[in-house]
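Note that the protein sequences, when read in sequence, are chains A and R. The first sequence: position 7 = 7 (the working numbering), numbered continuously. The second sequence: position 46 = 46 (the working numbering), numbered continuously. Just so you know, even glycine gets a beta-carbon here, dropped at the ideal spot from N, CA and C. Given the structure is predicted, the values throughout are model-derived calculations rather than measurements.
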Amino acid sequence: MVKENSRTESGEVEVKEKKIIEINGLTKRYNDFIAVDHITFSVFEGEIFGFLGPNGAGKTTTILMLLGLSEPTEGWAKVLGMDPLKEPLKIKRMTGYLQENMGFYRDLNAFQMLDFIAELNGITGEDKDRRINEALRSVGLLERAKKKIETYSRGMRQRLGIAEILLKAPKLAFLDEPTLGLDPDATNKMLGLIESLSRKNGMTVVLSTHMLDQAQKICDRFGIMINGRMIARGTIEELAGEKFNIDNKTYTLEEVYMKYFKEA
Amino acid sequence: MVSGFKVIVKKELADHLSSYRFLILLLIIIMVSLVLVYMASDSMKEQLQGEKLFKFVFLMLFTSSKVGFSLVEFIAYFGPLIGLMIGFDSINRERNEGTLSKLLAQPIYRDNVINGKYIAGVGVIGLMVVSIIMLITGVGLFEVGVKPGMEEFWRIFIYAIISIIYISLWLAVSILFSTIFRSVATSALASFALWIFFSFFLPFGINALANSIVSSAGLLNYKESLMRVIRIEKILSFTSPMMLYSNATATIIDPLRRSVIPTAMQMGMREQLSIKRFAGPLPLFQSFLIVAPYIFYLVAITIIIFIITYVIFMRQEIRSI
Chain A
1 MVKENSRTES
11 GEVEVKEKKI
21 IEINGLTKRY
31 NDFIAVDHIT
41 FSVFEGEIFG
51 FLGPNGAGKT
61 TTILMLLGLS
71 EPTEGWAKVL
81 GMDPLKEPLK
91 IKRMTGYLQE
101 NMGFYRDLNA
111 FQMLDFIAEL
121 NGITGEDKDR
131 RINEALRSVG
141 LLERAKKKIE
151 TYSRGMRQRL
161 GIAEILLKAP
171 KLAFLDEPTL
181 GLDPDATNKM
191 LGLIESLSRK
201 NGMTVVLSTH
211 MLDQAQKICD
221 RFGIMINGRM
231 IARGTIEELA
241 GEKFNIDNKT
251 YTLEEVYMKY
261 FKEA
Chain R
1 MVSGFKVIVK
11 KELADHLSSY
21 RFLILLLIII
31 MVSLVLVYMA
41 SDSMKEQLQG
51 EKLFKFVFLM
61 LFTSSKVGFS
71 LVEFIAYFGP
81 LIGLMIGFDS
91 INRERNEGTL
101 SKLLAQPIYR
111 DNVINGKYIA
121 GVGVIGLMVV
131 SIIMLITGVG
141 LFEVGVKPGM
151 EEFWRIFIYA
161 IISIIYISLW
171 LAVSILFSTI
181 FRSVATSALA
191 SFALWIFFSF
201 FLPFGINALA
211 NSIVSSAGLL
221 NYKESLMRVI
231 RIEKILSFTS
241 PMMLYSNATA
251 TIIDPLRRSV
261 IPTAMQMGMR
271 EQLSIKRFAG
281 PLPLFQSFLI
291 VAPYIFYLVA
301 ITIIIFIITY
311 VIFMRQEIRS
321 I
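Next comes the structure, spelled out in structure tokens:
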């Protein structure tokens with residue numbers, strides 16, 4: 001915690017920023033395998049936090065622990081000021097989660113899927129249909145809403161996932177690889193959608209992605225996780241500052257990331 | 001507080017009722033019920049020719065048959081299939097398609113999922129059992145022209161409840177396997193294997209099993225060894241839901257029976273004859289008393305299996321893949 005504050009000393013405003021997620025020494029062990037190894041970091045209100053790292057680094061496990069879906073072996077976390085172990089329902093009501101493999105009921109159409117999600121979240125009555133239609137329009141799926149999800153392309157499914165989050169209008173969203181398997185154009189659109197979600201609605205976003213150059217454009221801060229350990233976190237300038245000469249201003253996130261990756 | 005339970009039950013019911021699987025099951029059941037009830041009414045007409053109508057003729061629609069395979073027996077042997085078909089992929093399919101973690105990331109309690117799935121399954125089973133009975137009642141009224149009295153109505157009602165419990169037991173078994181096994185094929189096979197063992201292997205092999213246990217115990221006179229065989233068979237029958245169900249419904253749907261043990265086992269030919277001649281139907285409450293222990297036992301097994309499933313499900317790790 002102290003470390004986080006000292007990192008943001010550069011700006012007065014940043015020090016006052018509210019912590020949406022606070023993680024301290026969080027650890028997850030499966031028998032003899034350590035999936036998440038004593039990680040400590042914070043995510044501030046309204047920012048887009050780029051959660052980077054290779055596959056199997058423990059990002060998803062961390063997210064599951066923050067949602068109270070998985071029990072940490074050690075350490076603690078606070079999400080929206082609450083303990084995921086004690087108040088998972090309250091956290092899940094205010095949090096959106098777009099999982100890596102999407103997970104849709106194939107036999108439903110987009111409207112039915114969102115209707116189901118809305119009911120699980122206690123969105124009912126006239127408000128429900130309006131919000132569903134609005135969410136579908138925002139992601140450009142309104143015309144295809146009555147078609148079964150199994151006929152959707154990968155990009156459409158990913159957009160439907162975003163629609164789910166729009167519908168819920170949470171304070172915080174975990175987006176686990178929303179750009180996975182998308183073509184460049186769809187990737188750009190997806191990231192644009194995510195950016196506008198965050199900027200317009202003031203939603204805090206934890207974004208896990210491998211699209212580093214795009215992530216560089218929209219993320220405020222980053223955390224790099226490798227083999228279960230959080231090896232670096234901060235803004236791109238802070239990350240680069242540790243590895244490059246200050247004079248060198250031409251670095252990209254990709255270069256910075258690879259530098260950390262090779263050292264790990 | 002959002003009632004996740006209700007939402008899940010609603011969704012599961014809608015899923016079941018709109019699925020081809022349900023439609024096919026329903027068609028099979030309707031077909032078989034129709035065939036069996038026509039045969040039953042045929043044999044009833046023959047049996048009742050020239051005889052005075054005795055009490056509970058209506059129940060014969062369920063118990064008598066030309067080919068020696070009545071509707072009650074059919075449900076005892078093949079009813080479990082309904083439960084297995086509904087439940088064998090209920091948890092693992094959602095796990096494989098990633099919808100389980102999506103579901104659990106919503107603000108609902110984890111047990112809402114498993115409870116909702118089970119209750120929705122029981123609802124579908126109830127629907128099927130009731131529709132079978134309605135169908136038979138309708139055909140019976142039309143074909144045989146007997147209408148059920150008040151007591152027959154209650155007997156059929158109790159019979160329906162026991163049948164729903166019995167099939168729900170197998171639903172619990174299949175949900176248990178779909179919680180344990182990741183693969184849908186494995187859980188289906190495991191539940192079918194268990195069903196075949198307890199519904200066919202054990203009931204048909206029970207006599208041989210009891211005999212071998214008794215004969216290995218040493219030399220006994222005929223009467224003593226027969227008594228032992230009967231006692232061991234009775235104990236063994238408690239391990240098979242199919243036999244429990246047959247016992248639990250025996251005197252309810254067939255009021256002329258006085259015990260769940262077949263008469264041939266109890267006494268000699270002459271005694272049987274005299275008993276039959278003077279046999280009057282048991283009153284409903286007496287019938288119920290005879291089968292009550294079996295009903296409670298059936299319910300207890302169902303609850304235990306469900307609790308095991310519940311505990312396993314609640315403790316399972318949610319992983320991304």
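Note down, in chain order, every chain A residue with its Cβ under 8 Å from the Cβ of Thr99(R).
Gly103, Phe104, Tyr105
Residue burial classification, Ile20(A) (beta-carbon count within 10 angstroms, cutoff 16)
buried
Can you name the residues that DSSP bridges to Phe49(A)?
Val206(A), Arg221(A)
Below 8 Å on C-beta distance, what does Leu104(R) contact in chain A?
Leu69
Short CB-CB distance (under 8 Å) between Lys92(A) and chain R:
yes
With DSSP collapsed to three states, give me the class of Gly75(A).
strand
Taking the alpha carbon of Ala57(A) as the point to measure from, which residue in Thr252(A), Ile226(A), Tyr260(A), Ile236(A) has its own alpha carbon closest?
Ile226(A)
With the cut-off set at 8 Å, would you say Ile119(R) and Ile167(R) are in Cβ contact?
no
Spatially closest choice to Tyr245(R) from Ile8(R), Gly79(R), Gln49(R), Leu36(R), by CA coordinates
Gly79(R)
Interface positions of the stretch 106–117 of chain R facing chain A (Cβ-Cβ less than 8 Å), listed along the chain
Gln106, Pro107, Ile108, Tyr109
May I ask you to report which of helix, strand or coil DSSP gives Val43(A)?
strand
Segments assigned alpha helix (DSSP H), at least 4 residues, entirely inside the stretch 92–142 of chain A
110–120, 125–138
Pick from Ala172(R), Leu176(R), Ile196(R): whose alpha carbon is nearest that of Val299(R)?
Ala172(R)
Can you find a CB in chain R that lies within less than 8 Å of the CB of Glu195(A)?
no
If you measure between the beta carbons of Glu271(A) and Thr27(A), is that distance less than 8 Å?
This structure cannot settle anything about residue 271(A), because the visible part of chain A is limited to 1 through 264.
Please classify Ala264(R): is it buried, with 16 or more other beta-carbons within 10 angstroms of its beta-carbon, or exposed?
The predicted position of Ala264(R) is uncertain, since its pLDDT is 49 and thus under 50; a value taken from the coordinates is nonetheless stated next. It is exposed - the Cβ of Ala264(R) has fewer than 16 other Cβ atoms within 10 Å.
Chain-order list of residues whose beta-carbon lies under 8 Å from that of Asp176(A) (same chain, five-residue window excluded)
Lys59, Thr60, Ile63, Tyr97, Leu98, Gln99, Glu100, Ser208
Taking the C-alpha atoms as reference points, what is the distance between Leu52(A) and Phe88(R)?
39 Å
Whole angstroms are fine: how far does the CA of Ile224(A) sit from the CA of Thr204(A)?
18 Å
Short-range partners of chain R found in the stretch 24–51 of chain A, where Cβ spacing is below 8 Å:
Tyr30
What is the DSSP secondary structure of Arg229(A), counted as helix, strand or coil?
strand
Taking 8 Å as the threshold (C-beta atoms), are Phe74(R) and Ile136(R) in contact?
no
Within a Cβ cutoff of 8 Å, which residues of the same chain sit near Ser320(R), ignoring the five residues on either side of it in sequence?
Because the pLDDT at Ser320(R) is just 44, under 50, the model does not fix this residue reliably, and the value given afterwards should be weighed accordingly. Excluding sequence neighbours, Ser320(R) sits near Ser101.
Between the CA atoms of Leu239(A) and Tyr260(A) - distance to the nearest angstrom
9 Å
Less than 7 Å between C-beta atoms, sequence neighbours within five positions excluded: which residues of the same chain meet that for Ala186(A)?
Gly155
Kindly indicate which three-state DSSP category Ala264(R) falls into: helix, strand or coil?
With a pLDDT of only 49 at Ala264(R), under 50, the local geometry of the prediction cannot be trusted, and no value is derived from it.
For Ser198(A), I'd like the list of residues in its chain whose CB is within less than 6 Å of its CB, leaving aside the five on either flank, ordered along the chain.
Ile48, Val205
Quick check on the burial criterion: 16 or more other C-beta atoms within 10 angstroms. Buried or exposed for Thr151(A)?
exposed
Rounded straight-line distance, which links the Cα of Lys11(R) to that of Ser240(R)
33 Å
According to DSSP, residues forming a beta bridge with Val36(A):
Lys28(A)
Report buried or exposed for Gly81(A), applying the criterion of at least 16 other Cβ atoms within 10 angstroms of its Cβ.
exposed
Contact with chain A by Ile318(R), beta-carbon distance below 8 Å
yes
Thinking C-beta only, is Met102(A) closer than 8 Å to Gly161(A)?
yes
Could you work out which residues of chain A lie near Gly87(R), taking near to mean beta carbons separated by less than 9 Å?
Correct list: empty, because the minimum Cβ distance to chain A is about 17 Å.
If you measure from the CB of Glu263(A), is any heavy atom of the ligand GTP nearer than 7 Å?
Ligands are entirely absent from the displayed structure, and the ligand GTP is therefore not among its contents.
What is the DSSP secondary structure of Lys266(A), reduced to helix, strand or coil?
With chain A running from 1 to 264 in the structure shown, residue 266(A) is simply not present.
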